[in-house]
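Student:
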Amino acid sequence: MAHRARYVAQGVAIGLVALLFLLLAWSLLHDEGGDLAKRANRGDRPGAPDFTLERLDRHGQLRLSSLRGKAVVLNVWASWCGPCKEEAPYLEQVWQQNRDRDLVVVGLDAKDFRADARRFARRYELSFPLVYDGPGDTIDGYGVTGFPETFVIDREGKVVGAFAGAVDGPDERSRLESAVQDALS
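Counting from 14, one number per residue, gives the positions in the sequence shown under my numbering.
In structure tokens:
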């Protein structure tokens, strides 16, 4: 009888672990980012939370509101993030192709070490402005749920599009290009 009770308990434990795994997988597959991302992707155009952060690419600080009048692609990344490595060259390309049109790509490195972030920027030859939020305090205001996440901000400081996960593949890149056009108009 004791063996039977043990088998039942093990079966229940395995069932619970399997259920938790399925819930995690469902959550990851259906993740749309935080509330700000959901609102932006519904077309609400919420205001982008302002921040002032230390620059990684040079001395000084960058204040997001100082970029008003320009469209901004704000990419939240970390050097340890695999998908961030995959999308970095594409974001550099977006910057190079649109910087003369008043688009600024800003890389916001969070939950990372400065030295690792600077190595990442050198490795991927990132020339757009980079800021550092080591503890990740700033990204809470954006509702970031994972890395990378990208927010497209119009000239008035309103979020017109958001991307949870890497901007990879033709569909995501087409969506980003559309959001950039919207932000620039």
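Quick reminder that beta carbons are idealized off the backbone N, C-alpha and C, glycines included.
If you count every other CB in all the chains shown that lies within 10 Å of the CB of Y20, and 16 or more means buried, which is it?
Tutor: exposed
Student: If you draw a straight line from the C-alpha of Y155 to the C-alpha of A61, how long is it?
Tutor: 8 angstroms
Student: Within the same chain, show all residues whose beta-carbon is closer than 6 angstroms to that of V117, passing over the 5 residues directly before and after it, in chain order.
Tutor: Here the set comprises L80, K83 and V85.
Student: On the premise that R68 lies in contact with P148, defined as a C-beta separation below 8 angstroms, what is that separation, rounded to the nearest angstrom?
Tutor: Not really, about 17 angstroms apart at Cβ, beyond 8 angstroms.
Student: With N54 and G174 assumed to form a contact (beta carbons below 8 angstroms), what rounded beta-carbon distance in angstroms separates them?
Tutor: 7 angstroms
Student: Only counting the same chain, and skipping five residues up and downstream in sequence, which positions put a Cβ closer than 6 angstroms to that of T151?
Tutor: Same-chain partners within the cutoff: F64.
Student: Short check: CB of K171 to CB of R52, under 7 angstroms?
Tutor: Judged by their CB atoms, K171 and R52 are not nearer to each other than the 7 angstroms cut-off.
Student: Are the Cβ atoms of Y145 and D122 separated by less than 7 angstroms?
Tutor: yes
Student: Determine the direct distance from the alpha carbon of R17 to that of Q23, and round the result to whole angstroms.
Tutor: 10 angstroms
Student: Which residue marks the beginning of the alpha helix (DSSP H) containing W90, and which one marks its end?
Tutor: Run containing W90: none in the alpha helix (DSSP H); it sits in the beta strand (DSSP E), A84 to W90.
Student: Determine, using beta carbons only, whether A130 and A50 come nearer to each other than 7 angstroms.
Tutor: no
Student: May I have the straight-line CA-CA distance separating Q274 from D153, to the nearest angstrom?
Tutor: A question about residue 274 goes unanswered here, because the residues of the chain that appear run from 14 up to 198.
Student: Can the beta-carbon of W90 be found closer than 7 angstroms to that of P161?
Tutor: Contact annotation: W90 and P161 have beta-carbon atoms nearer than 7 angstroms.
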